[in-house]
Ligand SMILES: [Zn+2]
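In my numbering, the protein residues as written are 237 to 468.
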């Protein structure tokens, strides 16, 4: 080995008794020392590479529940961000990525991370006024989607904070009365239906120009004698 300048490492890995043979450390020692790989070290390296590929692959296809991603998308819509804007912030080429997250039970980790990043970016900003913004907010109201501040822990909360849940819109009183009328109810029944006294029903109908409706209901009351409540 005259004129050899590789130093001590050469000697050690060149020694078949070096305990590193058959390990990735051995592989790197061969490599550094420019000593041809022995079979056990080649096999160790191949096994290591394969495992790393498997790990990478599993990282890419590992799936998580969609819950957190869906809540994030819905919360962003509740403050007026559109699907298109959210998809853009998430780095999706189109809205498909978002749609997938919304309608499937599980998404891949990278997809989740993209949506979480978009949420970080957008949740504390107010989107500019636009038709899309109004439409996003209307959809959120209709579906009961809550804004970001409604969540303490958007991934793990069972439900949003109660105060943040938008109240259900009151059923349209006129629609209820019309339905009562169609069902041939009396004024008394109709008043009960909308949760007011009969006097209250009378006042409401007067105020809103529905006295015709009121009298139709009233006439069905068996006690109504036909003269008592004529409009003045
Ligand atoms: Zn070796």
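The beta-carbon is built from N, C-alpha and C at its ideal position, and this holds for glycine as well.
> DSSP on residue 442, reduced to helix/strand/coil?
Replying inline: Position 206 of the chain shown, counted from the first residue, corresponds to residue 442. Three-state result, residue 442: helix.
>> Just to confirm before moving on: does the CB-CB distance between residue 342 and residue 299 stay below 7 Å?
In response: Within the chain shown, residue 342 is the residue found at index 106, counting from 1. Within the chain shown, residue 299 is the residue found at index 63, counting from 1. Against a cut-off of 7 Å, the Cβ pair of residue 299 and residue 342 comes out as a contact.
>> Rounded to the nearest angstrom, what separates residue 329 and residue 383 at their Cα positions?
In response: Within the chain shown, numbered from 1, the residue matching residue 329 stands at position 93. Within the chain shown, numbered from 1, the residue matching residue 383 stands at position 147. In a straight line, the C-alpha of residue 329 is about 25 Å away from that of residue 383.
> Out of 377, 456 and 352, which has the shortest C-alpha to C-alpha gap to residue 302?
Replying inline: On the chain shown, position 66 is the one that residue 302 refers to. For residue 302, the nearest C-alpha among the options comes from 352.
> In whole angstroms, what separates the C-alpha of residue 395 from that of residue 265?
Replying inline: As a position in the chain shown, residue 395 is number 159, starting the count at 1. As a position in the chain shown, residue 265 is number 29, starting the count at 1. If you take the alpha carbons of residue 395 and residue 265, they lie about 56 Å apart.
>> Pull the bridge partners of residue 300 from the DSSP assignment, please.
In response: One-based indexing of the chain shown puts residue 300 at position 64. Looking at the DSSP output, residue 300 sits in a beta bridge with 343.
> What residue does the alpha helix (DSSP H) around residue 411 start on, and which one ends it?
Replying inline: The count along the chain shown starts at 1 and reaches residue 411 at position 175. Annotation: the continuous alpha helix (DSSP H) that includes residue 411 extends over 409 to 418.
> In whole angstroms, what separates the C-alpha of residue 314 from that of residue 387?
Replying inline: Numbered from 1 along the chain shown, position 78 holds the residue referred to as residue 314. Numbered from 1 along the chain shown, position 151 holds the residue referred to as residue 387. Going by the C-alpha atoms only, they are around 13 Å apart.
>> Assuming residue 451 is part of the alpha helix (DSSP H), what are its boundary residues?
In response: Position 215 of the chain shown holds residue 451. Residue 451 -> alpha helix (DSSP H) spans 447 to 455.
>> Whole angstroms are fine: how far does the CA of residue 319 sit from the CA of residue 372?
In response: Indexing the chain shown from 1 puts residue 372 at position 136. Indexing the chain shown from 1 puts residue 319 at position 83. If I take the Cα positions, the gap works out to 8 Å.
>> Counting C-beta neighbours from all protein chains within 10 Å, is the total for residue 355 16 or more, i.e. buried, or is it exposed?
In response: Translated into the one-based positions of the chain shown, residue 355 becomes position 119. Buried: at least 16 other Cβ atoms inside 10 Å.
> Sorry if obvious, but does the Cβ on residue 257 come closer than 6 Å to a heavy atom of ligand 1?
Replying inline: Here residue 257 corresponds to residue number 21 of the chain shown, with the count starting at 1. Correct: residue 257 has its Cβ closer than 6 Å to ligand 1.
>> To the nearest angstrom, how far is the alpha carbon of residue 376 from that of residue 344?
In response: Start at 1 with the first residue of the chain shown, and residue 376 comes out as number 140. Start at 1 with the first residue of the chain shown, and residue 344 comes out as number 108. If you take the alpha carbons of residue 376 and residue 344, they lie about 25 Å apart.
> Are residue 350 and residue 326 touching if we call contact CB-CB under 7 Å?
Replying inline: What you label residue 350 is simply residue 114 of the chain shown in a count that begins at 1. What you label residue 326 is simply residue 90 of the chain shown in a count that begins at 1. Residue 326 sits close to residue 350, with the two beta carbons spaced by under 7 Å.
> So is the beta-carbon of residue 327 under 6 Å away from any non-hydrogen atom of ligand 1?
Replying inline: Taking the chain shown and counting its residues from 1, one reaches residue 327 at position 91. No, ligand 1 has no heavy atom inside 6 Å of this Cβ.
> Are the beta-carbon atoms belonging to residue 259 and residue 284 less than 7 Å from one another?
Replying inline: On the chain shown, position 23 is the one that residue 259 refers to. On the chain shown, position 48 is the one that residue 284 refers to. It is not a contact, given that the beta carbons lie outside the stated cut-off.
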